[in-house]
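Residue numbers (this note's numbering), protein chains in the order written: chain A, 170 to 437; chain B, 170 to 437; chain C, 170 to 437.
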């Protein structure tokens with residue numbers, strides 16, 4: 170993949186400032202809103218059932234994140250998703266904690282069925298739980314091999330008819346038979362809460378301006394990884410990383426991409 | 170306006186640490202609490218209907234922000250506002266997103282009618298939506314001229330019998346025929362989520378200790394703008410800005426005001 | 170107390186990454202999750218009644234914080250606490266704002282009765298309110314002497330059959346007749362929202378890996394105080410402090426403890 174293709178999307182986000190409607194968890198509302206602002210998008214956080222159709226209808230994309238879900242919020246997610254589906258507004262789903270509890274797994278499956286997201290982004294454990302529900306899992310499950318993870322992502326991508334992103338040391342982006350791998354990022358990012366949620370929010374900005382959800386997801390993961398690794402290199406710990414990450418996203422330049430991009434993609 | 174009049178209010182906030190009761194949105198709870206602590210006030214965030222009368226009754230002011238409103242929270246806002254009105258506790262209203270959805274516009278209008286805030290603070294689009302409800306608006310509307318915005322603010326100020334603050338590159342503070350303009354601030358502040366909400370919270374600290382809502386609002390906007398521009402000058406991006414803003418508010422000195430204050434006010 | 174005993178617990182947290190289930194307030198969800206990640210634990214924030222038994226069942230400890238309580242959340246706290254009690258999972262309770270409203274005081278007392286926390290952590294005013302409910306209090310009550318505070322902590326410790334931590338310039342940790350005092354910390358910490366809540370969350374990490382709630386609480390308060398004072402010394406204000414605190418927690422070394430630990434404990 171050429172850095173230019175990522176850069177064009179970033180420039181378009183900065184120029185168009187797409188409205189990204191987030192129904193997300195309490196932990197990351199502030200930090201994901203800030204990440205969207207830093208990259209140039211316009212975030213809105215709203216969950217009242219009374220305004221879902223109107224609010225989603227204004228948006229360029231919808232990001233649904235079940236990190237601190239509860240029954241009334243799931244209703245809002247379904248209502249927003251219905252509007253999005255009717256109007257062709259792309260939806261990113263982050264099935265946070267899927268597999269940890271039955272409520273999360275069932276809710277995520279219901280949302281996929283009802284809303285037809287264009288991108289599902291999670292870690293390996295969450296993606297596996299979406300496929301192997303009913304089997305015992307315990308939150309983070311890192312016992313499976315990279316090949317098993319990729320196979321699961323392919324299976325989910327086909328059954329849910331969407332792009333599946335599996336975050337990890339190397340991010341997988343899978344659309345049926347197409348697979349891209351993004352090797353950017355830094356291990357310190359796992360010590361900042363909600364960096365995965367931020368990746369999903371950022372993916373929301375990219376799907377709002379790029380008609381290919383696959384390319385949008387690859388570009389989003391590359392942008393996250395590059396901004397994260399530059400930030401981590403300048404940081405003594407996760408407190409600084411959180412701050413530097415926003416500064417880097419805000420000031421990201423084409424040469425940052427060309428110097429650092431580590432993406433394997435089918436069309437690169 | 171002389172810097173000394175802003176400074177006297179800041180010193181009074183630091184000395185008295187007024188309790189500011191916030192019913193606000195999830196995105197900014199942490200950052201507005203931190204801004205209130207940094208300037209010397211005592212924030213409390215609470216929304217349970219069971220404790221509204223008691224909690225508001227303890228406070229020097231009440232800040233109501235509809236950024237992530239939902240029906241149960243609106244009930245709490247009305248209950249808290251009722252107590253505030255009965256006891257003469259000044260209320261600041263931030264009608265976040267007014268105009269974007271009918272639910273927000275209607276709720277904001279209902280709150281103004283029931284609670285009689287002393288200050289309403291929003292951006293031009295939100296203030297216009299309060300007046301021109303029913304007419305089509307789409308979130309941020311920057312198509313109107315500064316004169317139209319000022320006229321709208323005057324009209325709302327008269328009909329709602331309160332001070333109206335319109336945030337922008339130059340903040341307008343309007344109380345009927347009196348108009349003040351604050352030209353402090355920095356464009357990078359718009360890339361940090363909730364800086365407007367923070368302005369409303371800070372206004373809550375000033376109305377708690379200054380009996381004139383007009384002067385309190387002018388002083389609050391000047392303080393926000395000066396702290397924000399000093400912070401922005403020291404920041405590479407919105408991540409640093411958020412941090413530096415709190416440090417600057419905490420350490421703000423009289424000379425920062427005297428060197429930077431750019432306020433046009435009727436009694437200056 | 171020897172620094173080594175604190176250090177052993179920190180190393181164990183880093184090695185085992187205990188899952189700490191938090192049902193906490195909106196203001197501090199992000200910052201307490203980040204503090205838990207920085208020290209090496211695995212935070213999860215969840216409050217849906219549908220998943221409480223399962224989620225708490227996965228955890229090494231449960232932290233309940235009533236900072237922005239409401240009726241549905243209290244139900245979740247009781248459900249999570251029931252699971253914790255049945256399975257012997259240690260619970261830390263933070264009775265935020267206890268005494269400010271009847272709802273908070275009653276809820277905190279109900280939680281103590283139903284859940285039997287192993288640690289209750291609050292400020293002097295909150296701890297007093299738990300004992301002297303019905304008597305007039307007004308939020309923060311600093312009129313009582315250190316001896317009165319210690320006597321209250323002993324009384325509550327005996328009646329609630331748990332460790333009571335009273336945060337202040339010198340933290341008290343009381344288990345019946347045993348009293349430890351931690352003199353670490355820095356006054357600037359009081360200008361960052363939720364540092365008390367963070368202390369409770371960090372205590373959750375220590376009770377998950379140390380079978381003695383008393384020693385866990387002493388170690389947690391020492392770690393908080395030392396990380397806080399190092400961070401404050403490097404900070405111009407509360408914005409920097411919040412960031413530096415996370416960096417310091419993340420990189421804390423044994424020599425930081427041996428150089429700074431100021432603890433009086435019965436078995437030191």
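Glycine included, each C-beta is placed from N, C-alpha and C at the ideal position.
In this text, all values refer to a predicted model and were calculated from it rather than measured experimentally.
query                                                                                                                                                                                    : result
At what residues does the alpha helix (DSSP H) containing residue 342 of chain A begin and finish?                                                                                       : First-last for residue 342 of chain A: 340 to 344, but that is the beta strand (DSSP E), not the alpha helix (DSSP H).
Please list the residues of the region 410 to 437 of chain B that have a C-beta atom closer than 8 Å to any C-beta atom in chain C, keeping them in chain order.                         : 411, 412, 413, 414, 415, 416, 417, 418, 419, 420
Using a 10 Å radius around the Cβ and a threshold of 16 neighbouring Cβ atoms, would you call residue 256 of chain B buried or exposed?                                                  : exposed
Smallest Cα separation from residue 408 of chain C: which of B:201, B:429, B:264?                                                                                                        : B:201
Rounded to whole angstroms, what is the Cα-Cα separation between residue 185 of chain B and residue 209 of chain B?                                                                      : 8 Å
With a floor of 4 residues, list each alpha helix (DSSP H) that falls wholly inside the region 233 to 267 of chain C, ordered by position along the chain.                               : 240 to 256
How would you call residue 193 of chain C, buried or exposed, if buried means at least 16 neighbouring beta carbons within 10 angstroms?                                                 : buried
Closer than 8 Å is the cut-off here; do at least three beta carbon pairs connect the region 401 to 420 of chain C with the region 319 to 332 of chain C?                                 : no
Within 8 Å (strictly less), CB to CB, does residue 306 of chain B reach chain A?                                                                                                         : With a pLDDT of only 49 at residue 306 of chain B, under the threshold of 50, the placement of this residue in the model should not be trusted; the figure read from the coordinates follows. False, the Cβ-Cβ gap to chain A never drops below 8 Å.
Can you tell me whether residue 280 of chain B is helix, strand or coil according to DSSP?                                                                                               : helix
Count the C-beta pairs between the region 172 to 181 of chain C and the region 417 to 435 of chain B that are closer than 8 Å, then say yes if the count reaches three, no if not.       : no
Going by C-alpha distance, which of B:339, B:335, B:254 is nearest residue 287 of chain B?                                                                                               : B:254
Just the Cα atoms here: how many angstroms apart are residue 358 of chain C and residue 196 of chain C?                                                                                  : 16 Å
Please list, in chain order, the chain A residues whose beta carbon lies closer than 9 Å to that of residue 271 of chain B.                                                              : 219, 220, 223
Output, in sequence order along the chain, the residues in the region 182 to 204 of chain B whose CB is closer than 8 Å to any CB in chain C.                                            : 188, 195, 198, 199, 202, 203
Flag this pair as touching only if the region 338 to 345 of chain C and the region 395 to 402 of chain C have three or more C-beta atom pairs under 8 Å; answer yes or no.               : no
Measure the alpha-carbon distance for residue 292 of chain C versus residue 292 of chain B and round it to whole angstroms.                                                              : 39 Å
Between residue 249 of chain C and residue 240 of chain C, what straight-line distance do the alpha-carbon atoms span, to the nearest angstrom?                                          : 14 Å
Check each candidate in C:280, C:205, C:296 and name the one with the smallest Cα separation from residue 244 of chain C.                                                                : C:280
By a C-beta neighbour count over all protein chains shown, 10 Å radius and 16 as the cutoff for buried, is residue 426 of chain B buried or exposed?                                     : buried
For residue 316 of chain C, count neighbouring C-beta atoms within 10 Å of its own C-beta (all shown protein chains included) and say buried if the count is 16 or more, exposed if not. : exposed
Strictly by DSSP, which residues pair up with residue 208 of chain C?                                                                                                                    : The partner list for residue 208 of chain C (beta bridge, DSSP) is empty, contrary to what the question assumes.
What three-state label does DSSP hand residue 269 of chain C in the structure shown?                                                                                                     : coil
For the beta strand (DSSP E) containing residue 336 of chain C, list its first residue and its last residue.                                                                             : 332 to 336
Please report the distance separating the alpha-carbon of residue 229 of chain A from that of residue 294 of chain B.                                                                    : 20 Å
Less than 8 Å between the CB atoms is what I'm expecting for residue 362 of chain C and residue 203 of chain B, so what's the real figure, rounded?                                      : 5 Å
When Cβ atoms are compared, which residues of the region 385 to 408 of chain C fall closer than 7 Å to chain D?                                                                          : The structure shown contains no chain D; its protein chains are A, B and C.
Output needed in chain order: residues of the region 265 to 298 of chain B with a Cβ under 8 Å from some Cβ in chain A.                                                                  : 266, 269, 270, 271, 272, 273
Please identify the residue among C:181, C:431, C:331 whose C-alpha is closest to the C-alpha of residue 354 of chain C.                                                                 : C:431
How close, in whole Å, do the beta carbons of residue 290 of chain B and residue 261 of chain B come, if the pair is a contact with beta carbons under 8 Å?                              : 7 Å
Hey, how far is the Cα of residue 273 of chain C from the Cα of residue 190 of chain B?                                                                                                  : 15 Å
At a Cβ threshold of 8 Å, is residue 239 of chain C touching chain B?                                                                                                                    : yes
Considering only the alpha carbon of each residue, which of C:224, C:270, C:401 lies closest to residue 226 of chain B?                                                                  : C:270
Run the CB neighbour count on residue 212 of chain A, radius 10 Å, all protein chains shown included, and call it buried at 16 or more, exposed below.                                   : buried
In terms of residue numbering, what span does the beta strand (DSSP E) encompassing residue 192 of chain C cover?                                                                        : 188 to 192
How close, in whole Å, do the beta carbons of residue 423 of chain B and residue 176 of chain B come, if the pair is a contact with beta carbons under 8 Å?                              : 5 Å
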